[in-house]
Structure formats: C-alpha cells, structure tokens
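Undergrad: With the first letter of the sequence shown counted as 1, position 350 gets the number 350 in the UniProt record's numbering; the numbers rise by one all the way through. The beta-carbon is built from N, C-alpha and C at its ideal position, and this holds for glycine as well. Keep in mind it's a predicted model, so treat the numbers as computed, not measured. Sending over a structure as structure tokens; questions will come in a sec.
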Amino acid sequence: MWYVSTRGMAPRVDFEGALFSGYAPDGGLFMPEELPQLGRETLRQWSALSYPSLVAELCALFIGPELIPRDDLNDLIQRAFRRFRHREVVHLSRLRDGLNVLELWHGATYAFKDLSLSCTAQFLQYFLQKRGKHVTVVVGTSGDTGSAAIESVREAKNVGIIVLLPQGHCTKIQERQMTTVLEENVHVFGGECWVEGNSDELDEPIKAVFADVAFVKKHNLMSLNSINWSRVLVQMAHHFFAYFQCVPSLDMHPLPTVEVVVPTGAAGNLAAGCIAQKMGLPVHLVAAVNCNDIIHRAVQRGDFSLSEAVKPTFASAMDIQVPYNMERVFWLLSGSDCQMTRGLMEQFERTQNVRLPEELQSKLSAAVTSESVSDETILQTMARCWEENQSLLCPHTAVAVSYHYQQMLRQTPSPPRCCLAPASAAKFPEAVVAAGLSPETPAEILALELKETRCTPMRKSDDWTVMLRDTIEDMGRRWRATS
1 MWYVSTRGMA
11 PRVDFEGALF
21 SGYAPDGGLF
31 MPEELPQLGR
41 ETLRQWSALS
51 YPSLVAELCA
61 LFIGPELIPR
71 DDLNDLIQRA
81 FRRFRHREVV
91 HLSRLRDGLN
101 VLELWHGATY
111 AFKDLSLSCT
121 AQFLQYFLQK
131 RGKHVTVVVG
141 TSGDTGSAAI
151 ESVREAKNVG
161 IIVLLPQGHC
171 TKIQERQMTT
181 VLEENVHVFG
191 GECWVEGNSD
201 ELDEPIKAVF
211 ADVAFVKKHN
221 LMSLNSINWS
231 RVLVQMAHHF
241 FAYFQCVPSL
251 DMHPLPTVEV
261 VVPTGAAGNL
271 AAGCIAQKMG
281 LPVHLVAAVN
291 CNDIIHRAVQ
301 RGDFSLSEAV
311 KPTFASAMDI
321 QVPYNMERVF
331 WLLSGSDCQM
341 TRGLMEQFER
351 TQNVRLPEEL
361 QSKLSAAVTS
371 ESVSDETILQ
381 TMARCWEENQ
391 SLLCPHTAVA
401 VSYHYQQMLR
411 QTPSPPRCCL
421 APASAAKFPE
431 AVVAAGLSPE
441 TPAEILALEL
451 KETRCTPMRK
461 SDDWTVMLRD
471 TIEDMGRRWR
481 ATS
C-alpha cells in the first residue's frame with residue numbers, strides 16, 4: 001500500500017513514511033494511492049467483529065504485513081485499547097425515538113481522540129524501537145487533541161511531545177488534563193494557562209517550523225493533529241462499527257443505507273467516513289457543525305472561505321475556521337485530481353476564499369448532507385435528551401443529535417441514523433449547567449483540581465516560532481544526553 005500527496009508534487013511513501021510525515025513535502029496530505037473495495041461477504045464477516053478487531057482488519061488493509069506482521073499488529077491494537085473503561089471500547093446507546101448515539105469517549109481523556117491516538121502512538125513506538133530513533137511531536141489543540149496525544153505517549157522513551165493551547169478555547173478540565181502531566185517528555189505552552197490566541201493562530205508557528213525541512217529532519221519532528229493519516233485510518237472504524245450496529249439486515253439487496261451524523265471541526269472524522277463510503281460502506285454522511293460553518297457553506301453552496309473571525313461556542317473543539325482535512329475530501333471526490341486540489345488549496349492559502357468547481361460541489365453535496373447549529377440549539381438539545389432519556393450529552397454530541405431531532409420534526413422517511421458522540425459531558429460542566437442540568441463528574445476528573453500543574457507562558461508579544469524551535473532543540477539535547 002502506497003500513499004500519495006493530495007497535491008501530487010511529492011514522492012509516494014509507505015505507511016511508515018506517511019505516519020512520520022504529517023504534511024507531505026508539497027504541503028498536501030497523504031492519501032492511499034488505491035482504496036480496497038469491500039464486497040458484501042467481507043462486510044458480512046466484519047459485522048460480527050468487536051471494535052478492536054474491526055480496527056485491526058482495517059489497519060491490516062492499509063499497513064501491510066511487510067511493515068507490521070499481523071500478529072504484531074493485533075498486539076499493538078490490543079495494547080492501545082487496554083486502558084479504555086468500557087469492555088467494548090466504544091458503546092452504542094439506543095435511546096428514545098430511534099436515537100442511536102455511538103459513545104467514542106471511553107478512553108483515558110474521555111474523548112474520541114483517545115481511540116486513534118492510542119493506536120497511532122503504538123505504531124510510532126513500534127517503528128522507533130525497531131529503528132532506534134527518537135521523534136518530537138508538535139501539536140496545536142483546540143480541546144481534546146492535546147490531552148489525548150499526551151496520554152498516548154507519556155513516559156514513552158522514544159517520543160517527546162510539545163502541545164500549544166489557545167486561550168479561552170479549552171475548558172478547565174481539558175486544560176488540566178494537559179498541564180497536570182509532569183513527565184519529562186511532555187512540554188505544554190500556555191499564557192498563564194493558555195496561549196493568547198485561537199486554535200487557527202496556533203497552526204502558524206507550527207507550520208513555520210515544519211516548513212524548515214532541514215530543521216524537521218534534524219529533530220525528527222512530526223504532528224499528531226488529524227492531518228496524520230494514521231488517525232484518519234483508525235477513525236474509519238467508527239463508521240463501519242456504526243453501520244454494523246444500526247443496519248437492520250445484511251441480507252437485503254441492495255444493502256441498506258445507514259446515516260452517520262458526524263459532529264466535525266477539522267473534518268478528520270468526515271474524511272474517514274468519505275473513505276469508508278468509497279470502499280463500499282453504504283453510509284450517508286451528515287456533517288454537523290456549530291456556527292463556525294465553513295464546511296456547511298461548502299456543502300450547501302460551494303463557499304469554502306473564511307469568516308471574519310472564529311466565534312466561541314459551547315462546542316469549543318469545533319471552533320475552527322480551517323478544516324484542513326477537507327483537502328482529503330476534495331481530492332477523493334474529484335477522482336484523485338491532484339492538480340485541481342493543489343489549485344484550490346493554494347488559492348485558499350493565498351486568499352482564504354475559494355468557490356468550489358460546480359462538479360466538485362455537486363459530488364460533495366451528494367456524498368454529504370450538512371447542518372449548522374447555534375449555541376441555543378445545542379443547549380436545548382442537551383436539555384431534551386436528558387429529559388427524554390436521562391442521558392447527558394456533551395455539546396459536540398448535541399450538535400449531531402440536534403440534526404436527529406430536526407429530522408423527526410420534518411417527519412420524512414429516513415434510513416436508520418447513528419450520531420457519533422466525540423466526548424463525555426463530564427468534560428464540559430459549564431455547558432451542562434448552561435443547559436439547566438447537573439454535571440456528573442467522575443472521581444478521576446475531580447482529582448485533577450488537586451494536582452500540580454506545569455506550563456510555559458506564550459504571549460502575543462512573544463515570537464512563538466522562536467519559542468517553539470528553542471524548546472524542540474532543548475528536548476533533542478536532553479534525549480541525546482540520556483540515550
């Protein structure tokens with residue numbers, strides 16, 4: 001299995017190359033050169049699998065036994081999921097009026113990113129130990145990515161991690177999940193507690209550092225943001241598992257469709273769903289966003305352009321203006337047209353304003369439905385779901401569930417529907433209270449309040465790129481001194 005850049009100007013790489021690269025050298029994102037096609041019999045066999053076994057089957061298709069033999073792959077995935085609280089790893093909650101909620105948040109940080117990052121970290125360490133190498137991971141986060149990335153590599157001998165957080169875009173719990181990790185291989189930047197800026201601004205110093213090819217090579221830098229192919233690969237399992245849990249029968253011709261509602265910010269989960277679609281999984285995707293609605297505008301009318309500013313919402317992890325994984329979606333739906341994708345993305349980087357070609361917008365709106373949800377609707381949805389089911393939703397899950405409630409109002413026939421739940425409500429007590437409900441906080445989250453914290457201030461007057469480079473160099477020196 002080979003991987004090519006969406007922009008078509010970089011050499012192809014194998015899975016190991018894609019894993020360690022993040023962005024391709026030409027600024028694009030890596031995608032499989034060819035997608036395996038899954039027939040009815042394969043889907044029938046996979047429908048009986050547990051979630052970890054499904055992840056293993058998917059990874060085996062895209063990694064190849066010459067890089068990770070199948071027995072080793074099974075062991076890595078088993079190890080990745082051993083800290084999850086639910087015995088099924090993910091759990092489908094069947095609620096009133098056909099509401100199906102797939103809980104993806106039973107990992108260490110109570111967020112769906114634990115699923116892909118725990119696997120990705122295992123793959124990283126597997127290759128690093130074989131090669132006797134060290135990497136430094138750099139992550140910008142608007143919420144859950146940072147803590148999940150830290151948890152996946154804390155105490156890893158061959159991995160150092162640097163996380164940048166934006167001011168006001170994380171809850172106190174999200175912040176403490178990062179700043180209370182005191183291991184030597186973890187460094188968190190914050191202005192008093194947070195970086196003074198939004199999550200898109202954080203990408204600027206990270207992109208500047210990664211643009212210095214010699215520096216990246218010297219320090220073995222990589223990113224674990226959702227640009228990393230490995231994360232998208234594991235997230236494909238959400239869609240397969242949701243389908244198998246909700247499909248009425250695999251004996252019907254043609255196979256029935258299941259609607260998967262994806263609350264999305266950077267569009268990693270959405271890209272994973274589009275790939276699953278292209279492989280033959282009969283899902284229809286719904287991109288559910290908050291009022292930061294660039295994906296919704298792209299689907300509805302081909303308007304892929306920045307708004308004037310990011311609007312803070314209760315669904316803070318989706319407060320994103322630049323959904324970089326849409327580049328993968330554009331490439332996929334255009335029939336792997338690198339030239340068109342490169343032109344679109346370079347224009348977007350130059351002007352922040354792109355009108356999608358009519359044919360691409362038509363394909364996008366056929367593959368994906370979209371909905372944009374206000375803060376008021378988020379809170380109303382959280383309150384209704386509690387009243388009807390005694391089930392607390394996080395605000396991001398509420399963005400998805402609100403689509404289900406809207407479809408019920410319209411009373412139009414629809415296929416079975418599954419809403420992805422990316423985080424536990426326990427991480428968002430402020431939103432729970434705003435919805436007029438009482439937070440339920442697990443003991444391990446309460447304990448964060450009592451722990452020592454460590455973070456480095458990063459203010460607007462500072463040169464963020466220089467600070468980041470200095471920290472990377474310091475981490476490298478420390479690793480060389482102990483290895």
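Measuring only the C-alpha atoms, how far is Phe123 from Ile68?
TA: On the sequence shown, position 123 is the one that residue 123 refers to. On the sequence shown, position 68 is the one that residue 68 refers to. Cα-Cα distance, rounded: 9 Å.
Undergrad: Give me the Cα-Cα distance between Tyr110 and Ala317, rounded to the nearest whole angstrom.
TA: Reading the sequence shown from its first residue, position 110 is the one you call residue 110. Reading the sequence shown from its first residue, position 317 is the one you call residue 317. If I take the Cα positions, the gap works out to 13 Å.
Undergrad: Going by the DSSP bridge assignment, what does Phe304 pair with across the sheet?
TA: Reading the sequence shown from its first residue, position 304 is the one you call residue 304. Partner(s): Val354.
Undergrad: Around the Cβ of Leu409, are there at least 16 other Cβ atoms within 10 angstroms (buried) or fewer (exposed)?
TA: As a first step, residue 409 is located in the sequence shown; it is residue number 409 there, counting from the start. Looking at its Cβ environment, which holds fewer than 16 other Cβ atoms inside 10 Å, Leu409 is exposed.
Undergrad: Over the uninterrupted alpha helix (DSSP H) stretch that includes His239, give me the two end residues.
TA: In the sequence shown, residue 239 corresponds to position 239, counting from 1. Segment 229-246, the alpha helix (DSSP H) holding His239.
Undergrad: Residue range of the alpha helix (DSSP H) that Met408 falls in?
TA: Sequence index remark: in the sequence shown, residue 408 carries index 408 (1-based). Segment 395-410, the alpha helix (DSSP H) holding Met408.
Undergrad: Any idea if Asn353 is buried or exposed, counting beta-carbon neighbours within 10 angstroms, 16 or more meaning buried?
TA: In the sequence shown, the residue the question calls residue 353 occupies position 353. When all chains shown are included, Asn353 counts as exposed.
Undergrad: Where are the alpha helix (DSSP H) runs, 4 residues long or more, that stay fully inside the stretch 143-222, in chain order?
TA: With a minimum length of 4 residues, the continuous alpha helix (DSSP H) runs that stay inside the stretch 143-222 are 144-153, 172-179, 199-211, 213-219.
Undergrad: Could you check if Gly98 is buried or exposed, using at least 16 other CB atoms within 10 Å of its CB as the buried criterion?
TA: For the purposes of this step, residue 98 is taken as the residue at position 98 of the sequence shown. Classification for Gly98: exposed.
Undergrad: From Asp203 to Ile161, what distance separates their C-alpha atoms?
TA: Position 203 of the sequence shown holds residue 203. Position 161 of the sequence shown holds residue 161. Between Asp203 and Ile161, the C-alpha separation is close to 16 Å.
Undergrad: Quick check: what's the CA-CA separation for Asn185 versus Cys418?
TA: Indexing the sequence shown from 1 puts residue 185 at position 185. Indexing the sequence shown from 1 puts residue 418 at position 418. Approximately 38 Å, taken between the alpha carbons.
Undergrad: Please classify Pro11 as buried or exposed, where buried requires at least 16 neighbouring CB atoms within 10 angstroms.
TA: Against the sequence shown, residue 11 aligns to sequence position 11. Exposed: under 16 other Cβ atoms inside 10 Å.
Undergrad: Determine the DSSP secondary structure at Ala31, reduced to helix, strand or coil.
TA: Mapped onto the sequence shown, residue 31 falls at position 31. One point to set straight first is that residue 31 is Met, not Ala, in the sequence displayed. Correct three-state label for Met31: strand.
Undergrad: Could you pull the start and end residues of the beta strand (DSSP E) that Thr369 belongs to?
TA: Indexing the sequence shown from 1 puts residue 369 at position 369. That run of the beta strand (DSSP E) goes 368-372.
Undergrad: Please confirm if the stretch 354-372 is in contact with the stretch 269-289, defined as three or more CB-CB distances below 8 Å between the two stretches.
TA: Verdict: yes, contact present.
Undergrad: Give the straight-line distance between the Cα atoms of Gly146 and Gln177, rounded to the nearest whole angstrom.
TA: Residue numbering aside, residue 146 sits at position 146 when the sequence shown is read from its first letter. Residue numbering aside, residue 177 sits at position 177 when the sequence shown is read from its first letter. When rounded, the distance between both Cα atoms is 9 Å.
Undergrad: Distance, Cα to Cα, Met467 vs Val159?
TA: By 1-based counting over the sequence shown, the position of residue 467 is 467. By 1-based counting over the sequence shown, the position of residue 159 is 159. Approximately 19 Å, taken between the alpha carbons.
Undergrad: Return the chain-ordered list of same chain residues with a C-beta closer than 6 Å to the C-beta of Phe127, the five sequence neighbours on each side being excluded.
TA: As a first step, residue 127 is located in the sequence shown; it is residue number 127 there, counting from the start. Cβ within range, chain order: Glu16.
Undergrad: With DSSP as the reference, label Ala425 as helix, strand or coil.
TA: Sequence index remark: in the sequence shown, residue 425 carries index 425 (1-based). In this structure, Ala425 counts as helix in the three-state DSSP scheme.
Undergrad: Taking the beta strand (DSSP E) that Asn100 belongs to, which residues open and close that run?
TA: As a working mapping, residue 100 is identified with position 100 in the sequence shown. It spans 100-103 - the beta strand (DSSP E) in which Asn100 sits, taken as one unbroken run.
Undergrad: Exposed or buried, Glu259, counting other C-beta atoms within 10 Å across all chains shown (16 or more means buried)?
TA: The sequence position of residue 259 within the sequence shown is 259, counting from 1. By the 10 Å Cβ count, Glu259 comes out buried.
Undergrad: How close, in whole Å, do the beta carbons of Lys241 and Phe304 come, if the pair is a contact with beta carbons under 8 Å?
TA: Position 241 of the sequence shown, counting from 1, holds the residue named residue 241. Position 304 of the sequence shown, counting from 1, holds the residue named residue 304. Here the sequence assigns Phe to residue 241, which means Lys is not the residue at that position. That pair is no contact at about 30 Å.
Undergrad: With distance defined between alpha-carbon atoms, name the residue in Leu73, Val399, Ile472 nearest to Asp375.
TA: Here residue 375 refers to the residue found at position 375 when the sequence shown is read from its first residue. Minimum Cα distance to Asp375 is reached at Val399.
Undergrad: What span of residues does the alpha helix (DSSP H) with Pro52 cover, start to end?
TA: Stepping through the sequence shown from its first residue, residue 52 is reached at position 52. Per DSSP, Pro52 belongs to the alpha helix (DSSP H) from 51-63.
Undergrad: Would you say Ala237 and Val55 are within 8 Å of each other, going by their C-beta atoms?
TA: In the sequence shown, the residue the question calls residue 237 occupies position 237. In the sequence shown, the residue the question calls residue 55 occupies position 55. Yes, they are a contact pair.
Undergrad: Whole angstroms are fine: how far does the CA of Met279 sit from the CA of Val299?
TA: Stepping through the sequence shown from its first residue, residue 299 is reached at position 299. Stepping through the sequence shown from its first residue, residue 279 is reached at position 279. Approximately 21 Å between the Cα atoms of the pair.
Undergrad: For the beta strand (DSSP E) containing Tyr3, list its first residue and its last residue.
TA: Residue 3 sits at position 3 when you count from the first residue of the sequence shown. Residues 3-5.
Undergrad: Note down, in chain order, each residue of its chain lying with its Cβ closer than 6 Å to the Cβ of Ala434, except the 5 sequence neighbours on either side.
TA: Along the sequence shown, read from residue 1 onward, the residue named residue 434 stands at position 434. Same-chain partners within the cutoff: Leu379.
Undergrad: Taking 8 Å as the threshold (C-beta atoms), are Val329 and Leu270 in contact?
TA: As a position in the sequence shown, residue 270 is number 270, starting the count at 1. As a position in the sequence shown, residue 329 is number 329, starting the count at 1. It is a contact, given that the beta carbons lie within the stated cut-off.
Undergrad: What first and last residue would you give for the alpha helix (DSSP H) that runs through Thr377?
TA: Here residue 377 refers to the residue found at position 377 of the sequence shown. Note, Thr377: alpha helix (DSSP H), 375-389.
Undergrad: Can you confirm whether the stretch 40-47 touches the stretch 72-88 when touching is taken to mean that 3 or more C-beta pairs between the two stretches lie within less than 8 Å?
TA: No, the stretch 72-88 is not in contact with the stretch 40-47.
Undergrad: Please go through the same chain and pick out, in chain order, the residues whose beta-carbon is closer than 7 Å to the beta-carbon of Pro36, but skip the five residues on each side of it.
TA: Within the sequence shown, residue 36 is the residue found at index 36, counting from 1. Counting only Cβ-Cβ distances below 7 Å, and skipping sequence neighbours, we find Leu61, Met279.
Undergrad: Using 8 Å as the threshold, is the C-beta distance between Met345 and Glu327 below it?
TA: Translated into the one-based positions of the sequence shown, residue 345 becomes position 345. Translated into the one-based positions of the sequence shown, residue 327 becomes position 327. Going by C-beta atoms, Met345 is nearer than 8 Å to Glu327.
Undergrad: Around the C-beta of Pro442, are 16 or more other C-beta atoms found within 10 angstroms, so that it is buried, or is it exposed?
TA: Here residue 442 corresponds to residue number 442 of the sequence shown, with the count starting at 1. Per the 10 Å Cβ criterion, exposed.
Undergrad: Tell me, to the nearest whole angstrom, how far the beta carbon of Leu221 is from that of Thr313; I am working on the premise that it is less than 8 Å.
TA: If you number the sequence shown from 1, residue 221 lands on position 221. If you number the sequence shown from 1, residue 313 lands on position 313. At roughly 32 Å, the Cβ-Cβ gap does not stay under 8 Å, so Leu221 and Thr313 are not in contact.
Undergrad: If you follow the alpha helix (DSSP H) that Arg478 is in, where does it begin and where does it stop?
TA: The residue given as residue 478 occupies position 478 in the sequence shown. Looking at the DSSP string, the run of the alpha helix (DSSP H) that includes Arg478 is 464-482.
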